[in-house]
Amino acid sequence: MRVKEELEQRGIEVVSREYGDHRELIADFGPTEDISVDVVGDTVIVVTEDETYDVEVDGSAQAFIKNGILTIELNEEGQA
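In the working numbering, the protein residues as written are 2 to 81.
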């Protein structure tokens, strides 16, 4: 399952933006204090106070969290 569908299936709204060489997915997890993200191989792992989300990506990705906003950058090979 692709990242956008995986998160939306769990009730998290995701916005997708296309750029020349990459795609960004932006998801608002709300004002959760304890939230972290890591990319291991082809999996983005998001850990909140209550849940863990493991979503696979095609290609390489970088992920960032700031103020409860998750941004996943996928290179042109990565699909979401």
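For every residue, glycine included, the Cβ atom is placed at its ideal position computed from N, Cα and C. Model, not experiment: these values are computed from the prediction.
### Length of the line joining the Cα atoms of serine 61 and isoleucine 13
22 Å
#### Entry: Boundaries (first-last residue) of the beta strand (DSSP E) holding valine 41
37-41
### Task
Helix, strand or coil for glutamate 9, going by three-state DSSP, please let me know.
helix
### Task
Please confirm whether alanine 64 and valine 45 have their CB atoms less than 8 Å apart.
yes
### Which listed residue (Glu57, Glu50, Arg18) has its alpha carbon closest to that of aspartate 43
Glu57
### Query
For valine 16, does the count of other Cβ atoms within 10 angstroms reach 16, so buried, or fall short, so exposed?
exposed
### Task
Classify valine 56 as helix, strand or coil using the three-state DSSP reduction.
strand
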